[in-house]
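So the structure is just underneath, and the comments pick up after that.
Numbering (UniProt numbering), first residue to last: 1 to 205.
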């Protein structure tokens, strides 16, 4: 019988990007890595998961990243467009910015989890992945975390490219709506009305 080449990570023996990805996960035990599970096993959309993964890796184009890539060009303004007080970086934009902190405090209050005010996005996501609480609150918290990161990035881009500002309250309401859309079909939330999704989650958990 003639020997033939075959791709070992797919039963069909044909190469695919999907089989390559899962093969790497198997080889590197990524599937047991808490942040991997937090992101890739979440119920949010694929574009949100990809974005959050890139943010965790420090690969999104905040001003400080762009400036390092283009050292011969001075990018102005270089300050955060959410608080207008500090230079924009991944850690500042998503965590230490006063505007962002208000949203994290709101999420923590409604879930009943203490906000630790971490200084690094990587640290925060590692801590968040390790948080243990009842399943309903766990789902709300982790879906809310990813949704808030996505919402903050969207608000940042909207302010820069469209010159449209939203209040933190408006962003929080849209975040709760997106979490509701992601989780409404989950067995833990059977019977939840849209009034509950838009209400104070602590009243129903």
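Glycine included, each C-beta is placed from N, C-alpha and C at the ideal position.
Among residues of its own chain, excluding the 5 on either side of residue 92, which ones have a beta-carbon nearer than 7 Å to its beta-carbon?
So the list reads 80 and 86, once near-sequence residues are dropped.
What residue range is occupied by the uninterrupted alpha helix (DSSP H) comprising residue 63?
63–69 is the span of the alpha helix (DSSP H), which, as asked, contains residue 63.
So is residue 123 buried or exposed if we call it buried at 16+ other beta carbons inside 10 Å?
Exposed: under 16 other Cβ atoms inside 10 Å.
Within the continuous alpha helix (DSSP H) that includes residue 46, where are the two ends?
46–56 is the extent of the alpha helix (DSSP H) around residue 46.
Output yes or no for whether 8 Å exceeds the beta carbon distance between residue 168 and residue 111.
Result no, Cβ atoms of residue 168 and residue 111 do not sit closer than 8 Å.
Return the first residue and the last residue of the alpha helix (DSSP H) that residue 135 is part of.
Looking at the DSSP string, the run of the alpha helix (DSSP H) that includes residue 135 is 135–161.
Alpha helix (DSSP H) containing residue 34: first to last residue?
Residue 34 -> alpha helix (DSSP H) spans 34–40.
Are there three or more Cβ pairs, one per stretch, closer than 8 Å when the region 155–171 is compared with the region 122–139?
These segments do not touch.
Please classify residue 5: does DSSP put it in a helix, a strand, or coil?
It is coil, neither helix nor strand.
Touch check for the region 41–50 and the region 59–67: three-plus C-beta pairs under 8 Å?
No, they do not touch.
Going by the beta-carbon positions, is the gap between residue 130 and residue 142 smaller than 8 Å?
No, the pair does not count as a contact, with Cβ atoms beyond the cut-off.
If we count the other Cβ atoms within 10 Å of its Cβ and call it buried at 16 or more, is residue 6 buried or exposed?
Result: exposed.
Would you grab the beta carbon distance between residue 204 and residue 149 for me? Rounded to a whole angstrom, and I think it's under 8 Å.
Wrong, their Cβ atoms sit about 24 Å apart, outside the cutoff.
Less than 6 Å between C-beta atoms, sequence neighbours within five positions excluded: which residues of the same chain meet that for residue 196?
Excluding sequence neighbours, residue 196 sits near 204.
Under the rule that 16 or more other beta-carbon atoms within 10 Å means buried, what is residue 160, buried or exposed?
By the 10 Å Cβ count, residue 160 comes out exposed.
Roughly how many angstroms separate the alpha carbons of residue 18 and residue 10, rounded to a whole number?
Going from the Cα of residue 18 to the Cα of residue 10 covers about 9 Å.
For residue 179, I'd like the list of residues in its chain whose CB is within less than 6 Å of its CB, leaving aside the five on either flank, ordered along the chain.
Same-chain partners within the cutoff: 143, 144 and 147.
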